[in-house]
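J.:
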C-alpha cells in the first residue's frame with residue numbers, strides 16, 4: 003500500500019467518532035484507576051496495540067520500529083512477552099477497533115498508540131490510566147514543551163503522552179517566486195501578503211495553481227489541521243472549543259476572518275479546483291504537485307520534507323531543499339505564529355494488570371533513538387525538545403525538520419473532545435460551500451457551520467463570541 007493515503011493521519015469522519023461516543027457511553031466507566039507501583043514477579047504478557055499500516059510511512063518501517071522497542075523492553079524485562087495487536091486500516095478503523103477493545107478489561111491493550119483527538123473521550127469514559135505518578139520520575143517528561151504536555155492532560159491529570167506531533171506552515175516554490183518577482187526569502191507578515199503573492203503568481207505563471215487551501219469535508223479533521231484552523235487559531239478570537247463553558251464556538255470574529263480569507267482566495271481564482279480539494283487524499287496532493295511544478299504555495303505540514311527524502315520516497319524529490327522554501331503562517335494581527343498541533347500518543351489501559359511495565363515500555367519508546375526514528379519514519383516532530391537540534395533528526399529532511407520543530411512550542415492544540423468531529427464536519431461544509439460557489443458570503447458560510455453543529459449537538463453545546 004502506498005504511503006500517501008496514510009498521510010491523512012488525523013482524518014476523523016463523524017460516523018467513526020459517533021461510534022466511539024456510543025461505545026464510551028455504554029462503558030460504565032466507574033472509579034478512576036490508580037497506577038500500580040510494581041509489576042508481576044513472574045512471567046507476564048504485555049499487550050501493545052498500534053496502527054499497522056496507517057500511522058508510519060510504510061508497513062516495513064512500522065514493524066521495524068515496534069520490534070526494536072520490544073527488543074529493548076524484553077532485554078530489560080526478561081520475564082515479559084510482548085503481544086502485539088496490530089490494527090490495519092484507516093484512522094477510523096483504528097479508533098473503532100480500540101473503542102471495542104477498551105470496552106472490556108480483558109481485551110484492553112496495556113499500551114496503545116492513540117490519536118490526540120480521542121484522548122479526552124477515552125479518558126472521560128474511564129478507559130485510560132492516570133499517569134501522573136509515573137511521570138514524576140520520568141526524566142524525559144520535563145523536556146516536553148508545555149503545549150505538548152497539555153495534549154493528554156485534563157483537569158491536572160495526564161492520561162496520555164505524546165509519541166509525535168504534526169504542525170503547519172507555508173511551503174512555497176522559490177523558483178516560481180523568483181520568476182514572479184517576489185523577493186526571497188518570503189515571509190508574509192499578514193494574511194493579505196499570502197493573497198498578494200498568490201495573485202502575482204497567477205498573473206506571471208499561467209497554468210500554475212497559486213495557492214493550496216484544504217477545503218470541504220473529504221479530508222476530515224486533517225483538512226482543518228492543515229487548513230482553516232491555522233487561521234482561526236491565529237486570529238484575534240482563536241477559540242474553537244471553549245473549555246470553560248464546554249461549548250463549541252460556531253461564530254466569532256476569528257472564524258469570520260478566516261472564512262473571509264478563504265472567500266477572497268476562491269473568488270479571485272487562486273485555489274485548486276474542487277475535484278482535487280474534495281478528494282480524501284487532498285492533504286497529500288501538494289507533495290506531487292510541488293514536484294511537478296504545478297503548485298506555488300500550500301498551507302501544509304511538517305511531513306512534506308520527509309516524504310521527499312529517498313528513505314520515504316513519496317515522492318522522492320532530491321531537489322526539494324533547493325526548490326522549496328518554508329514560512330510561518332502569520333497571525334491576523336501581523337507577525338507571530340499561527341499553527342495547529344496534533345499527533346499520536348501513548349496511553350495505558352485503566353485496569354492494566356501490568357501498568358508499571360507498560361510505562362517502562364513507553365519510556366523506552368520515548369528514548370532518543372526510538373523517538374527520533376519515529377519522527378523520521380512517521381513524519382513527526384519529536385515531543386522531546388532536546389532532540390530537535392540533533393543531526394539524526396535535522397539531517398533526515400533538511401531544512402524542514404528543524405524549521406517545523408522551532409514553531410512547535412507556539413502551535414495550538416487540536417481540541418480533544420468527543421464532539422469535535424461534529425464541528426469538523428460543519429466547518430468542512432462551510433469551506434466546501436465557498437469552494438463550490440465563491441459567491442457564498444461569509445455570513446452564509448457561518449450559518450452553515452452554526453446550523454450543522456447546533457443541529458447535531460444542541461443549542462446548549464454551542465456559543466457565539468463577539
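Residue numbers (our numbering): 3 to 468.
From the three backbone atoms N, C-alpha and C, an ideal C-beta is built for every residue, glycine too.
1) Residue range of the alpha helix (DSSP H) that residue 68 falls in?
2) Cutting at 7 Å between CB atoms, please list the residues of its own chain near residue 406, excluding the five before and the five after it.
3) Using only alpha-carbon positions, find the residue among 452, 308, 313 that is nearest to residue 401.
4) Can you list, in chain order, the residues of its chain with a C-beta nearer than 7 Å to that of residue 335? Leave out the 5 residues immediately preceding and following it.
5) Out of 155, 148, 126, 115, state which residue places its alpha-carbon closest to the alpha-carbon of residue 134.
6) Residue 459: which of 199, 108, 107, 424 sits nearest, CA to CA?
7) Just the Cα atoms here: how many angstroms apart are residue 145 and residue 389?
8) Spatial neighbours of residue 258 within its chain, please: C-beta separation below 6 Å, excluding the five flanking residues on both sides.
9) Any idea what DSSP makes of residue 451, helix, strand or coil?
10) Please name the residue or residues paired with residue 328 in a DSSP beta bridge.
11) From the DSSP output, read off the bridge partner residues of residue 486.
12) In this structure, does DSSP put residue 279 in helix, strand or coil?
13) May I ask you to verify whether the stretch 269-284 touches the stretch 211-228, counting CB pairs closer than 8 Å and requiring at least 3?
14) Assess contact between the stretch 350-361 and the stretch 108-121, defined as three or more Cβ pairs (one per stretch) separated by less than 8 Å. Is contact present?
15) Starting from residue 214, follow the beta strand (DSSP E) in both directions and report where the run begins and ends.
16) Cα separation between residue 359 and residue 122?
17) Taking 7 Å as the limit between beta carbons, can you name the residues of its chain near residue 319, skipping five residues before and five after?
18) Can you tell which of 356, 372, 399 has the C-alpha that lies nearest to the C-alpha of residue 37?
19) Out of 410, 139, 63, 130, state which residue places its alpha-carbon closest to the alpha-carbon of residue 342.
20) So, with DSSP's three-state summary, where would you put residue 299?
21) Please state if the CB of residue 416 and the CB of residue 404 are separated by a distance shorter than 7 Å.
22) Rounded to the nearest angstrom, what separates residue 128 and residue 40 at their Cα positions?
23) Roughly how many angstroms lie between the CA atoms of residue 422 and residue 226, to the nearest whole one?
24) Does the separation of the CB atoms of residue 274 and residue 214 fall below 7 Å?
25) How far does the alpha helix (DSSP H) with residue 393 in it reach, from first residue to last?
26) Where DSSP assigns a beta bridge to residue 292, which residues make up the other side?
27) With a threshold of 8 Å, are at least 3 pairs of Cβ atoms found where one atom belongs to the stretch 360-377 and the other to the stretch 178-188?
28) Taking DSSP as the reference, what is the three-state secondary structure of residue 358?
29) How is residue 464 classed by DSSP in three states: helix, strand or coil?
30) Classify residue 82 as buried or exposed, calling it buried when 16 or more other Cβ atoms lie within 10 Å of its own Cβ.
31) Mark residue 466 as exposed unless 16 or more other C-beta atoms lie within 10 angstroms of its C-beta, in which case mark it buried.
32) Alpha helix (DSSP H) containing residue 427: first to last residue?
33) Can you grab the Cα-Cα spacing for the pair residue 107 / residue 158, in whole Å?
34) Does the stretch 83-91 touch the stretch 51-59, meaning 3 or more C-beta pairs lie closer than 8 Å?
35) Rounded to a whole number of angstroms, what is the C-alpha to C-alpha distance between residue 229 and residue 44?
36) Could you have a look at residue 416 and say whether DSSP puts it in helix, strand or coil?
T.: On the basis of the coordinates in this document:
1) 61-78
2) 169, 171, 304, 383
3) 308
4) 238
5) 155
6) 424
7) 10 Å
8) 444
9) helix
10) 173
11) Outside the displayed span of the chain (3 to 468) sits residue 486, for which this structure offers no information.
12) helix
13) yes
14) yes
15) 211-214
16) 24 Å
17) 293, 310
18) 356
19) 410
20) strand
21) no
22) 22 Å
23) 11 Å
24) yes
25) 393-396
26) None, per the DSSP bridge assignment.
27) no
28) helix
29) strand
30) buried
31) exposed
32) 422-438
33) 25 Å
34) yes
35) 51 Å
36) coil
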